[in-house]
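Numbering (my numbering), first residue to last: 7 to 702. Think of the CB as a built atom: it goes at the ideal place given N, C-alpha and C, for glycine as much as any other residue. What follows is a set of notes on a single structure, which appears directly below.
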Amino acid sequence: MSNYRIEAGDVVMIRGHLYKCNGRGPGGKHIFTSQKNRSTIYLSPEEIYEYFAEGKFKKIDQSMSFPILNDSPHYQFDLSSLVVKERRDVMDRLHYMKGIQDHYQTGGKLSNRSLEPALEALFKELKKKNKEDGVIPPQKPMSCSSAKRWFKAWKESGCELITLVKERRGNSTHRLSLEIRDVIDDVINTDYLSPLRITAKKAYRKIVGNIQVLNKQRKKLGLHEMKAPSYATVLNHINQVDEYDKLSKRHGAVYAAKATRAYGMTPPVNRVLERVQMDHTQLDVFVDMGQEQVIRPYLTLALDAHSKAILGYWLSINPPSADTVMNCLRVAILPKDIIAMGGNKDWQYPMHGIPIELTLDNGKDFHSLDLEMACAQLGITMNFTPPRKPYYKAQVERKFGEINTSLLTSMPGRVYKDDPEKRDDNYPFLTLDETNNILLQWICTILHETPSSTTGLSPLKTWIKSVNDTNFNNNLSNSPFDADTLSITLGKTISNRKLCPDGISNENLRYNSETLSRYRRSLAKPHGKNPSVSIKWNASDVGVIWVLDEKQNRYFQVPALQQESHGRSLFTHKVIQREIRAQIKSGLSKPSYIDAEIAIDKKIQEVTKAKSSKSKSKVGRYKAGKPRNKIPLNPVDFLETDDFIEFDTDTGEVINALPTSKKLVDDDIKPMTITDLTQQDEIDWDDQNFTHFEIN
């Protein structure tokens, strides 16, 4: 691009169309005039570089057989632009030129001797003609030298009428001296054209002050004093500064470019789907979310630049994201089922198809990897507007304003610009679905049926006419992208989702099928019991997901086990889930449910307390020597009746034996296991690590 030098007269190819450069215009941008329809676009050097990097800008060698454009219409001469006297003088000169041409073509010469009688005859004819028209005739005929000078210029220009216009001549010398002009220019360039933005009155006072300082110095040198210019003279010098230069130095380049830019100079489009503009906005209306909650929804629009029709839209309570963009794009591409969308069968909504170019701003939601890959697969060219310049997609911006002013002002819950949070809580707020249905009705019955002030055709008729005239079939049935493929392409990707025996969980839904089970069994050996898989899903239908088969690099569909979720949007699914949670919470808070929980807790406490009391009474009874039953037991030789024995339950080894009748020494205590007991011995177990038993 460094080798490119764009100059006036150069012919370039921009987006496949021929343009001629007519120099620079407002804001320092290059002016390009279309060869086809004479429309004009303005491109800055940065924008030219972007087009060049994308392969959309090419300089044409004029030696090739390309037709070269004439001068721009901005510089065409028209006789009506002159004052009455100048127009009459031009017509008189034209009368002389035609007479001299006839004289020359009939063999006459252009010498003074030959021209004088011819000019005299032409003067008499002109005098007679002016008298008939009631115009004051000239006093004398044109001189020979003037006639030859005018005739030469007229013939060399190809008999252009503009060459017969007499140039205005002003004073040959400047009225102000060079010293005063230097003072004026210095103050204007250093003080007035600065970010301080001083007023013209203050700049004038500074000029007068500087001249007074110079006059004191000149007085000491014996020179005459300079006279200060008037305020009108200083204003005249200020107004001679280019408007862009003035604003850029006082307010900055961004403000200057915005203030001096040309409006409505977007590149022309010739048919539908050639360019689609997409953007988001937060609607100026509150919607009812239930449970005494209201929220302002977000609207994403896809607008066709040729027909001004809404190709598709997506209404959501979630802030703009890559998901909302792809959902809107999916709605725009697929044919509209007006009944499924909640509309009337008599409404027409034929707009659909894959756009060629998608114009977006530089929002983070438009720079996602999923969106870039989807557009690449669909063959859509993504064009991003410069930052902080929404007028590059002014059509969709105006459409947002039209929706807010024409539709939402009559709806309950409207937003007041002076106080965005102002609202009446007693309003009968519409739900999101109701708002969506009203928006759909307004688009089909009002927006698409309103004729344009320029063409006289409505967006609906413009769309149909463009499709018929260009023989352009935008039906997806003739494209390689069916509805399922498009849902996969524009779906949201989730990696590392666990594949369990009961399927895949997503958004509180369970998905499973026989195909998914077979795929899980094929992954179980190399990847473990619960392998991870990648899925794609779409917010417009949570009833299905698509699972990536890594072996074949293909996606296969898996339905949700909950049949009622099929065809349900994510928003509707979340609302239903919220209501279910609210009902469960409400059911758990009922008095009967709470009383039942209290009764169960009380029962557990009573059983635990009774069991604990029984265990303590048993231990006390064993120590007191009370018999547990009437069945006699065989006595053990080395213990008496009330002796207490403690042993380990794991090994059966006696840990402690404390006779009550006499004290035993270590030699008297022998190790004992459970097998040493007879079948008539009775054992009592408790919850400790040791077991206590008593022998009677």
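What does DSSP give as the partner residue(s) for GLU363 in the beta ladder? THR387
Reduced DSSP secondary structure (H/G/I, E/B, other) of ASP16: coil
Could you name the residues of the same chain whose beta carbon sits closer than 7 angstroms to that of SER483, not counting the 5 residues immediately before and after it, in chain order? Model confidence at SER483 stands at a pLDDT of 42, short of 50, so the residue's coordinates are unreliable; what they give is reported in the following sentence. Within the same chain, SER483 has no close Cβ partners at all.
For GLY228, which three-state DSSP category applies? coil
Quick check: what's the CA-CA separation for ARG281 versus THR365? 7 angstroms
Kindly confirm or deny that the segment 510-528 and the segment 537-552 touch, where touching means at least three C-beta pairs closer than 8 angstroms. yes
Own chain residues within Cβ distance below 8 angstroms of GLY369, not counting five before or after: HIS286, PRO326
Residues bridged to VAL275 (per DSSP): The partner list for VAL275 (beta bridge, DSSP) is empty, contrary to what the question assumes.
So is ASN544 buried or exposed if we call it buried at 16+ other beta carbons inside 10 Å? buried
Judging by CA-CA distance, which residue of LEU438, LEU466, THR437, GLY462 is the nearest neighbour of ILE449? LEU466
Assigned exposure category for ARG203 - 16 Cβ within 10 Å defines buried: exposed
Give the secondary structure of SER493 by DSSP, where H, G and I count as helix, E and B as strand, and everything else as coil. helix
Given that a residue counts as buried once 16 or more other Cβ atoms are within 10 Å of its Cβ, and exposed if not, what is PRO201? exposed
Under three-state DSSP, which class holds CYS506? strand
Rounded separation between SER459 and ILE344 - CA only: 28 angstroms
Would you check if the distance between the CB atom of ILE37 and the CB atom of GLY29 is smaller than 9 angstroms? yes
Do LEU335 and ALA489 have their CB atoms nearer than 9 angstroms? no
Would you grab the beta carbon distance between HIS243 and ILE190 for me? Rounded to a whole angstrom, and I think it's under 8 angstroms. 5 angstroms
Quick one: measure Cβ to Cβ for LEU132 and HIS109, integer angstroms, because I've assumed they're closer than 8 angstroms. Actually they do not touch by this definition, with Cβ atoms about 15 angstroms apart.
Residues bridged to LEU515 by DSSP? ASN512
If distances are taken between C-alpha atoms only, which option among ASP95, LEU125, SER412 comes closest to LEU170? ASP95
Taking buried to mean at least 16 other C-beta atoms within 10 Å of its own C-beta, is ASP672 buried or exposed? Because the pLDDT at ASP672 is just 47, under 50, the model does not fix this residue reliably, and the value given afterwards should be weighed accordingly. Exposed: under 16 other Cβ atoms inside 10 Å.
Backbone CA spacing between LEU529 and LYS557 [nearest angstrom]: 10 angstroms
For ASP290, the three-state DSSP class (helix, strand or coil): coil
If we require 4 or more residues per run, which alpha helix (DSSP H) segments fall completely within the segment 140-203? 150-162, 184-193
Please state if the CB of SER50 and the CB of PRO274 are separated by a distance shorter than 9 angstroms. no
Between GLN383 and the rest of its own chain, which residues show a CB-CB distance below 7 angstroms, the 5 nearest in sequence each way excluded? THR495
Could you give the distance in angstroms between the alpha-carbon of ARG277 and the alpha-carbon of GLU363? 12 angstroms
The ligand MN heavy atom lying under 8 angstroms from the CB of SER200: In terms of ligand content, the structure shown is empty, and the ligand MN therefore cannot be addressed.
Mind listing, in chain order, the continuous beta strand (DSSP E) runs of no fewer than 3 residues lying wholly within the segment 311-363? 316-322
ASN536 and LEU567: beta carbons closer than 9 angstroms? no
Near THR391, what residues of its chain come up, given a Cβ to Cβ distance below 8 angstroms and the 5 sequence neighbours on each side ignored? THR365, LEU366, ASP367, ASN368, TYR398, LYS399
Given a cut-off of 9 angstroms, decide if ARG420 and ASP290 are closer than it, judged by their beta-carbon atoms. yes
Can you give me the C-alpha to C-alpha distance between MET284 and SER374, rounded to a whole angstrom? 15 angstroms
For the putative contact between ALA380 and HIS358, defined by C-beta atoms under 8 angstroms, what is the C-beta separation to the nearest angstrom? With a Cβ gap of about 16 angstroms, ALA380 and HIS358 do not count as contacting.
Straight-line gap, GLY22 to LEU167 (C-alpha atoms, nearest Å): 36 angstroms
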